[in-house]
Every structure is written in structure tokens, then in C-alpha cells.
Amino acid sequence: MKKLINAVESVVDDMLDGLVAAYPQYVRRIPGTNVITRAGGPTPGKVGLVSGGGSGHEPAHGGFVGYGMLDSAVAGAVFTSPTPDQVFEGIKAANGGAGVLLIIKNYTGDVMNFEMAGEMAQAEGIEVASVVVNDDVAVENSTWTTGRRGIAGTVLVHKIAGAKAQAGGTLQEVKAVAEKVIANVRSMGMALTPCTVPAAGKPGFELGENEVEIGIGIHGEPGTHREPLRPAKEIAEHLTQKVVDDLQLKAGEEVAVLINGMGATPLMELFIVNKAVHDFLKARGIKIYRTIVGEFMTSLEMAGCSVTVLRLDDELKELLDYPAETPAFRQGR
Amino acid sequence: MKKLINAVESVVDDMLDGLVAAYPQYVRRIPGTNVITRAGGPTPGKVGLVSGGGSGHEPAHGGFVGYGMLDSAVAGAVFTSPTPDQVFEGIKAANGGAGVLLIIKNYTGDVMNFEMAGEMAQAEGIEVASVVVNDDVAVENSTWTTGRRGIAGTVLVHKIAGAKAQAGGTLQEVKAVAEKVIANVRSMGMALTPCTVPAAGKPGFELGENEVEIGIGIHGEPGTHREPLRPAKEIAEHLTQKVVDDLQLKAGEEVAVLINGMGATPLMELFIVNKAVHDFLKARGIKIYRTIVGEFMTSLEMAGCSVTVLRLDDELKELLDYPAETPAFRQGR
Amino acid sequence: MDVNGLVQLLNNIAKVLHEQADFLSELDNAIGDGDHGHNMDKGFKAVQERVLSNPDPDLGKILQKVGMTLISTVGGAAGPLYGTAFLRMGSQLAGKQEVTLQDLPKLMEVAIAGIQQRGKAVRGEKTMLDALIPAKEALDAALAAGKPAVEALSDAVAAAAEGVEYTKTIKATKGRASYLGERSIGHQDPGATSSYFMIRALRDTVAGA
Amino acid sequence: MDVNGLVQLLNNIAKVLHEQADFLSELDNAIGDGDHGHNMDKGFKAVQERVLSNPDPDLGKILQKVGMTLISTVGGAAGPLYGTAFLRMGSQLAGKQEVTLQDLPKLMEVAIAGIQQRGKAVRGEKTMLDALIPAKEALDAALAAGKPAVEALSDAVAAAAEGVEYTKTIKATKGRASYLGERSIGHQDPGATSSYFMIRALRDTVAGA
Ligand SMILES: Nc1ncnc2c1ncn2[C@@H]1O[C@H](COP(=O)(O)OP(=O)(O)O)[C@@H](O)[C@H]1O
Ligand SMILES: Nc1ncnc2c1ncn2[C@@H]1O[C@H](COP(=O)(O)OP(=O)(O)O)[C@@H](O)[C@H]1O
Ligand SMILES: [Mg+2]
Ligand SMILES: [Mg+2]
Ligand SMILES: [Mg+2]
Ligand SMILES: [Mg+2]
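Sequence lines, in order, name chains S, Y, R and L.
Going by the numbering used here, the first residue of the first sequence is number 1, and it counts up by one from there.
Going by the numbering used here, the first residue of the second sequence is number 334, and it counts up by one from there.
Going by the numbering used here, the first residue of the third sequence is number 667, and it counts up by one from there.
Going by the numbering used here, the first residue of the fourth sequence is number 876, and it counts up by one from there.
1) Between the Cα of Ala1076(L) and those of Leu884(L), Met876(L), Lys1049(L), Gly880(L), spot the shortest distance and give me the residue it belongs to.
2) Please classify Thr370(Y): does DSSP put it in a helix, a strand, or coil?
3) Just jot down, in chain order, the residues whose CB lies closer than 5 Å to any heavy atom of ligand 5.
4) Mind checking Gln248(S): buried by the 16 CB within 10 Å criterion, or exposed?
5) Taking Ala743(R) as the query, report the chain S residues whose CB atoms sit under 7 Å from its CB, ordered along the chain.
6) Any chance the CB of Ser850(R) is under 7 Å from a heavy atom of ligand 1?
7) Kindly indicate which three-state DSSP category Tyr289(S) falls into: helix, strand or coil?
8) CB-CB under 6 Å to Gly918(L), same chain, minus the five flanking residues each way: which ones, in chain order?
9) When every heavy atom of ligand 6 is checked, does at least one fall within less than 7 Å of the C-beta of Gly951(L)?
10) Please compile the residues from chain A whose C-beta is within a distance smaller than 7 Å of the C-beta of Leu1018(L).
11) Going by DSSP in three states, Leu312(S) sits in which element: helix, strand or coil?
12) What do you reckon, are the CB atoms on Gly951(L) and Asp916(L) nearer than 8 Å?
13) For Asp699(R), return the contacting residues in chain S, with the cut-off set at a CB-CB distance below 7 Å.
14) Is there a C-beta anywhere in chain Y that falls below 8 Å from the one on Gly1060(L)?
15) If distances are taken between C-alpha atoms only, which option among Tyr67(S), Gly147(S), His219(S) comes closest to Ala200(S)?
16) Less than 8 Å between the CB atoms is what I'm expecting for Val588(Y) and Leu614(Y), so what's the real figure, rounded?
17) Between the Cα of Met595(Y) and the Cα atoms of Glu554(Y), Glu567(Y), Lys620(Y), which residue gives the shortest distance?
18) If Ser384(Y) sits next to Ala354(Y), beta carbons under 8 Å apart, how far is it from one beta carbon to the other, in whole angstroms?
19) Can you list, in chain order, the residues of its chain with a C-beta nearer than 7 Å to that of Glu342(Y)? Leave out the 5 residues immediately preceding and following it.
20) For Glu119(S) and Arg716(R), I'd like the C-alpha separation in whole angstroms.
21) Tell me the rounded alpha-carbon separation between Val606(Y) and Thr624(Y).
22) Does the contact criterion of 3 or more C-beta pairs under 8 Å hold for the segment 399 to 416 of chain Y versus the segment 361 to 376 of chain Y?
23) Hey, which unbroken runs of the alpha helix (DSSP H) at 4 residues or more fall wholly within the segment 694 to 760 of chain R?
24) Would you say Arg482(Y) touches ligand 6, meaning its beta carbon is less than 7 Å from a heavy atom?
25) Along chain S, in chain order, which residues have C-beta atoms closer than 9 Å to that of Ala485(Y)?
26) DSSP three-state label for His571(Y), please.
27) Between which two residues does the alpha helix (DSSP H) carrying Lys682(R) extend?
28) Using 7 Å as the cut-off, classify the Cβ of Ser81(S) as near or not near the heavy atoms of ligand 7, replying yes or no.
29) Use the C-beta contact count for Asn446(Y): other C-beta atoms within 10 angstroms, 16 or more gives buried, fewer gives exposed.
30) Could you tell me the alpha carbon to alpha carbon distance between Gly537(Y) and Leu645(Y), rounded to whole angstroms?
31) Using 7 Å as the cut-off, classify the Cβ of Ala858(R) as near or not near the heavy atoms of ligand 1, replying yes or no.
32) Would the beta-carbon of Glu318(S) fall within 8 Å of that of Val177(S)?
33) For the segment 953 to 963 of chain L against the segment 422 to 434 of chain Y, do three or more pairs of beta-carbon atoms, one drawn from each stretch, fall closer than 8 Å, so that the two count as touching?
34) Chain Y partners of Gly1095(L), CB-CB under 8 Å?
35) So with CB distances below 7 Å, who are the chain R contacts of Met116(S)?
36) Across which residues does DSSP place Asp469(Y) in a beta bridge pair?
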């Protein structure tokens, strides 16, 4: 395991301190917790947005705290959901009196820990609502299972719900638009290399020099299947096809595209993937309104990418374009 | 060699198309060239800024084309300087009638190709000036040698000279502030893993499971020496010490810090490095005015980082904070 | 069972989970993310430090504090689930300084109800419930048959063990293992296994072993 | 030498650089970035396609087009340097349809001056100049001594070869190899080596070999 870290035990602590040291204009850390919250927060009268999850997905989630996106992000140990007391601290710090929305990625642990925190907050008189993001089409869905996982699409929920809250939306409105995003966003990922949880010291799976893993999640777990490395275009088309099918996208519809690196993928390769995704969508008459390329929801030092497509309407387009100022995502204010 | 690419021959082409497909609001590609230029450019009456170099450093340089930064970026083959005819196209596209500044990284090939392009442009009546960035303290400097290499500090030259030009500075003024940045910026890098030039198909050097390479450049070449992997804090302190010594920074001075990933380094690790750099500088009474953490001047899929420190004065601070809207760097407009 | 007995039981649970931490994590590695054993171990270590070192005279308070501690230290899925179970048992025992075998079915009932409310799972989904529910049913039957304490508890332990075996034969439809679909079959559920260890520790404590 | 002769010479240079591309890149790998041979090969292939396939009757125009082609296809350091050299020789020969051995010293002089102006290097810095300058001096001496063409050119080839050998003994202070400092000693310079191959191709072409 070759990492720029000080000690296995201190990675989350050091990472959070390093984030706050870099961007004090946007974020601060609540002392004694693993909660990143807005530098000047909470914002009175604004709906608060709280997200988070295990660490190892940087810049998610602390990197998305700031104007137009989250109010608090709660970090657990690497790939382990944070506990309710920590999430509760995040909720309190996000509470500007207009209620707090929890944006939870769909993992049993995350859902339960965030819900318990929500109950703790409600017991103290804070109005809390929550949404669960489940964009990963690699995992089959059914009412009898845990359902799809939440992966990179979560960032678009942060962006759009964050804009709605920043623009003065009520808790109901912010929740409604978050649910609209969730209903219309799908993702699928792949890996060129596995990643190593610092505490484990060895990779979550092994891949041959010429193999890739398709349908991976963001916790270093194996995906749905393994196949030989193919040209980027074919891989990108495969991922995009799955996403487009699940969304039942039709010609003439408008979308946003997020090409997300898994942690160790150079931008050159992400741009090459993006070209293939664009060509694929355009050939099907799907209009691309906005594209974001970069590393947003990572899996430690895994190499690979995920493709996310979000079906847009006028409301979502406007909120997607709303200004944002956070450590990891900024646009025209 | 495991990469998300289509073919060795098409990486630059596909990458440039993917960049432009992603961010048409900021950039376009001049047909038949490897030149990325502003979507709406050139800007009449504004000094044009042109940079570039070999590919493989993404988001440099095309990712920095846009409001407040570059006007054109010219891409060569991977790690090979672009030719003068290409740079000339970039100059013409950047020329708004107020002259064009070339920002060149200090490599013999880059300097000569850009200078020749400058001569071609001058022959056509375009006023051209140039600056050469040489921030890498790993390489010793002397008037008898090629001098230090240009690495991540180049991005700060783009940012600050770009702001000056955007704010209406004359060619002389923009050149002067670029030279002020160059005089006050120093960097040093290290690698956890080598990188593989697609056409070569094998890594530029080999590293043991427990070895790191110190003093690397950004072309996959070996560094100044090899040593065992140490805690991130020690590595960061070593790099920062070299940089601070070379700058002869004194307590009370103000700086900007750029923690740059080499392509495959997760943000978690860059934040951990940043914490160590901050602690180091603060302990020496050096004030950190701004910090930027991310992947800006990469070396394909190399894992590792570089530390850049820029001594600031009031003019540089103001220009550093000036708005920017580019694919890879944006801040409050 | 008085305060001392409860403290001894909880210490015994902490001990067995510590001893089995690697085993439980390995089970979790096969169908989850490999952290169950160490997360439980971390949680019960915190219970020992924060709750057992200076126990409250009120049994309900003790169990409530155990629940709170597990919730704030274990993380993942098991933290809220076991935490809720202990919180519910704590409410049930509020104000009590003594608990008997006759109280146990009700305690298990509220614990299971808490887990189900929190996790929305039913029996047969390859979770801790597949050890806990059979154990509770076996206990009910043994008490109805008038069996003595250790014998009744041994029936519960046997039923939990059978439940763990049963989890090998079914597909996970809740928790992280459910992402594996059919591939989860053949592996025993880590949460069911840790539940089994806890019930066994109860029997052993009562038996004075 | 007329147009046909010059075309033949340039084709011969293209041929030897193609044959030696791997060797030159390997030399560059040791002290640079390993692209010299393939960059030169790419450049002279382009010269063959764009210039030699349909040559201008004006020798100066041919050399100017060679220079432009090298500049726009080779990249790196060698592209502008060799490109400038050919541009300068082209200006020197502007309007000429014939070139003789007596013109060669002046042609080499302007070529070297162009390389020096562009690259700001002097002799002894481990560059192509360490082959070119000695070759030019040997040619001057041979012509002063009244030697015949092939013999004079062979003196130049021998001097270039000696220059290449000399580069092994010195530290690079220009170009990419200079980053290696002392570690560049012991390796022969790729650019000096490609210069040697070009001069040798000239001698061989004139000798009709
Ligand atoms: N919805 C649920 N209801 C009951 N038990 C569950 C549920 N989801 C998961 N579990 C139990 O939790 C165990 C996994 O716990 P743990 O590894 O600590 O959590 P995580 O999956 O978050 O890493 C599973 O083996 C299963 O017994
Ligand atoms: N300043 C210079 N003046 C003359 N020749 C130079 C200079 N710098 C480099 N060279 C020559 O260029 C050769 C390297 O060419 P090449 O590998 O094509 O360029 P790059 O170093 O840009 O990859 C060196 O071997 C050397 O002979
Ligand atoms: Mg877990
Ligand atoms: Mg080169
Ligand atoms: Mg687990
Ligand atoms: Mg070279």
C-alpha cells in the first residue's frame, strides 16, 4: 500500500484538517467532530442541506459545502457510514430555522444512521426531511431488496437541491426538487484498478493487467462482471447505454452529463471518455445541456470512471446553472 | 499499459474533442489544429495570453482557457512541444489587437517553438512578448545551463497574468506581472508511481513497492533521487523546505500555496499533504493567503504531488482573487 | 440477574466479540465490506469504557447507555440496529434493579421490533433477524414447557445456530450483501453470527460458565 | 549538384534517419525523453511526401520547404533547430538551380549560425553543434588544402564522428540532458549523432554510394 498518508488511524482527521486549511473561505470543521460546515453558517431562514457518508470519496462530501450546495457534510471512517451523533452535529450546524434536508446515499448503514440523527434533531425541535439517492444502475432494483446504490449522481442532487435552498426554497420545495433529480438521474461505473482501504492494507479485489471490472460501486467492492480492456469508446458506450435504457431517454430530451473519475484517472482519459459519451448521446438525438468532467465521487485511488446522466427540465436547468462556491465545485456567482 | 483510450495515435485528438464537448461555453477547438481557444474569442482590445506544451498535463493547458486566464492553449503530442505553426494559430486566435503574451514552460523545445511562432506572428504585424516559467527547484540553476524547468507554478502565472489582461492591462503590464510571479514562485514534486507515455507503452522508470522518487519533472522522467516511502508529513516538509529556502521566505511574508496532484493522486492524500505544508509554513511565521488543492499540472497517470509556493504582494493578491471561468479553474465572477 | 450480573454479561459479550472480530470481519468480507467484526469490537470496547467501568444501579439506564454507545461508535448498519435493540430493552427495563428469565421474551420482543422498525427487514432476508427471531421463538417454547433457565437458554442458542446455518442457504435481500444477488448464497451472514455469539454469551453467563 | 542530386541527398538522409530511428531514440532515452529518432523520422517522412515528391526547380525553395516541414512536424528541440538550419541554407541558395562544393562552407556556416541563434548554445555543451562545427572546420581545411570533393567530405564525416565521441566525455549544459547534470557524462548526444548521419549521407550521395 503506497499512499501519501501519515498513519492509517489519522487519515480522516488529517484529510479534514487539510481541507479546512485549504479553503477557510468556504468551510470550517466543528471542533471535536468529523463535520465540515459552512464557514459562516448556518444561514438564517435558509433550508439547511446535510449529506455525508464514509470517507474515501473525496472531494465528496466536505468539498461540496458552501454557497449554493451543502451546509454540512459528515465524514465517517473510510467507507463506513458516520454515526448518528456526528450527523446530528451536522444538522444542528446546518439549521437556519427553515428546516434541514438530509441527502443520503442508499446504503443500509447510511440510511439508518442519518434517519436516527434526523429523529434526534426532530426531538430537539428541528424540522428534518430526507431523500435517498439511488442512481447506480449496475445493481438491480426491486421492492424486495435494498435497492440501487447511491453513487456519483449524488453530486447533482447536492448541486440542484443546494441551489433551490440557496434561492430561498422551502423545505418541501427543496425536498421535492431533490426527489425530482433522484427520479431522473442514473449512473454506472467501471474500474481499471482496485483500491486499498488504509486499515485493510490490501486491495478489495485483484485485476489482471488486461482486465477491467464493470458495474463497480464506490467502496472498492467488486462489480457485476469482469471483462478484457476494450477501447474507451466501447466501455463508455456500454455504461451510457445502460444508463440511457434505465432512464428510458428519448430523442429530443435534454440531459446533463457527469463524467466522474474514481480517484486515479487522469483528466486526459476522462475527456476521452466524455467524447465517446457525447457522440453516443448525440447519435440518439439526446441533447446535452451541460457536462461536468472531473473527480467528484471517488473511491480512494481506484482508476476508472462512472457515467451519470440526468434528465433535465427547465427548473432543473435553471438550478444546475445557479452559482456555487465550494472547495470542489464553483461556477459563476 | 492500462488506459481509458481508443488508440495510441488518437489520444490528443480525442482528449481535445472531449474537452470542447464538455465545456463549449468556455472553449472551442480551431478546426484542423490542436489549438484550444476561447469560445467567444478573441476579445477586442484585450491582451491575448497563449500557453501550451506537450499533452499529458491535463487540465493544463486547454483547461485554463477562458475568462480571466488564457486565450489560447496549444497542445503538442504527449510530452512533446507543439510546433510553431500550431502556436502561431493559437496566437492569431488570441490576438485582440492589444498584443499577445506567450507563457512558455522552460524546456528547450518549448522555448524555441514558441519563439519561432512569435516571430511568425510579428512578421504578420502582431505584437508578441513572452515569458518563460522556471519554478522547479529540483533542478539546479546556473547561467550556463538550460536552467530550472517549468512545472505547476505555471498555473499561477496563467491565473495572475490572465487576471491582469482581463482587467485591461497593457502588454507591458501583463508581461511585467507575469515576470513578477515567475520571480516569486517555486515548486518541487515527487512521485509514488511512474507514468507511461502511450506511444512508449512502458513506464519511464520503475519504483519498488516501498520507494518514492523525489524531484521529478512532469514528463515521466526520473527525479533527483529515490528514497523509502515516509509519512506524508515528512515528504511534504522536505519539498516545502526546498521551496521556501530557494525563495528565501521570511516570517511575516504572505504566500499562496498550490498542492498539485500528478494525475493519479486522490484528493484525500492531497489534503493530507496540504495540512503538513500549512503546519510547516505556519510554524515559520509565513502567512498563507490562498491555497489551491487539486490536479492542475499532471504527468499522465503518475501518482504523487508537487508543492508550489508563491510570494505575494498586494498586486498579486488582488489578481489571484480576480474572477476566472475556465473548464478547470473557476472562481467568483 | 442484578447489576453485577448484567455487567458480567456485557463484559462476556465484549470478550467474545473481541475474540471473534477477525472471524466476523472475514465473513463480512465475503459478502459485504469486511468491517463487521472490528466495528462490533470497537463498539463493545467503548461500552466497557463508558458504561461498564462505572455502572448505573438502574438496569434500564445501563442498557440505554449501551445502546447510545453502540450507536455512536459502531457505525455502518450494525451500529444503529444493535444500538436500537439495546435502547428498546433499556426503556423496557427502566427503573429496574433486577431482571429474571420471565422478563426475557418481552425484552427480545422489543429488541427485535426495534431492529425491524429501523432496518425494515423480515425473517429470511439473510440478516441478524434470522438468528434472533428463531432464538426468541425457541425461548418462548421452552418457557411454555417449563424448562429451567439454562436449558431454555440453550434451546435459544441452538435455534440461533440453526438460523446462522440457514442464512448460508438464502440470498440476501437486505444490507450490503444484497448487491451480490445470487452470489451471496453459500455464505453465512455476519450479523446473524454476531447475534448468535451474544445469545451464547447470555447462556454461558447464566450458566456461570 | 542539381535538383535531382539534392532530392537524392534528402531521400538518403530520410532513409538513414529512418533506419537509425530506434537507435537515436534509445540514445535520447538515456539522457532525454527518448523521442529524437522517431521525431526526426516523422519529419523527414513528411519532407519526402510534401517536398520531394514534387520538387521545386529552385534549390533554395526546396531547402526552405524542408525547413518549414521540419519545423511543423518534428516538434521538441530538434525540430526548430534543424528547421532553422535548412531555412537559412534555403535563403542562401535562393534562386539557384545548381550548388557546388565551394558553396558548402558558406551553407554550413549559415546553418550553424541559425542553430546557435535559435538554441543559444556554443561548442562543448553536448549538442548537435559538437558534430557540426568540427565538420565545418575540417571541410574548410580540406578545401584550403585543395582536396577533391569526396575526400574533403570524408574529412568532415570523420570530424563529425570524433565530435560525437567527444560528447560522451562532457556534461550537457543545454537541452533536456542538462537536467541530469553529471549523470549525462558517458552518454553520446543523440542530436550530434543525427547530425553525423546527415553529413555522412552527403558524402555518400556525392560519392555515388
Ligand atoms: N436491514 C437490515 N435489517 C437487519 N439486519 C441488517 C440489515 N441490513 C444489514 N443487516 C445486518 O448487518 C450486518 C452487517 O453489519 P456491518 O458490516 O456492521 O454493516 P455495513 O454493511 O454497513 O458495513 C449484516 O450481516 C446483517 O446481519
Ligand atoms: N540549445 C541547443 N542547441 C543545439 N542543440 C540542442 C539544444 N538543445 C538540444 N539540442 C539538441 O537536440 C537534441 C534533442 O532533440 P529532441 O530529442 O528531438 O528534442 P527534445 O529534447 O525536445 O525531446 C539533443 O541531443 C541536442 O543535440
Ligand atoms: Mg461498513
Ligand atoms: Mg521531446
Ligand atoms: Mg460491513
Ligand atoms: Mg527528446
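Ideal Cβ placement from N, Cα and C applies to all residues, glycine included.
Inspection of the coordinates gives the following:
1) Leu884(L)
2) strand
3) Asp694(R), Gly698(R), Asp699(R), Asp701(R), His702(R)
4) exposed
5) Thr108, Gly109, Met112
6) no
7) strand
8) Leu945, Thr948, Val949
9) yes
10) The structure shown contains no chain A; its protein chains are S, Y, R and L.
11) coil
12) no
13) Phe79, His219, Glu221
14) Checking the displayed sequence, the identity of residue 1060(L) turns out to be Ile instead of Gly. With 8 Å as the cut-off, Ile1060(L) does not count as an interface residue toward chain Y.
15) His219(S)
16) 7 Å
17) Glu554(Y)
18) Contact flag wrong, Cβ pair sits at about 22 Å.
19) none
20) 23 Å
21) 12 Å
22) yes
23) 702 to 713, 725 to 739, 744 to 758
24) no
25) Under the 9 Å cutoff, chain S gives no residues; its nearest Cβ is about 14 Å from Ala485(Y).
26) helix
27) According to the sequence provided, residue 682(R) is Val. The question's Lys does not apply to it. Unbroken alpha helix (DSSP H) run through Val682(R): 669 to 685.
28) Among the ligands in the structure shown, ligand 7 does not appear; only ligand 1, ligand 2, ligand 3, ligand 4, ligand 5 and ligand 6 can be found there.
29) buried
30) 36 Å
31) yes
32) no
33) no
34) This structure gives no information on residue 1095(L), because the portion of chain L shown stretches from 876 to 1084.
35) Ile737, Pro746
36) Ser520(Y)
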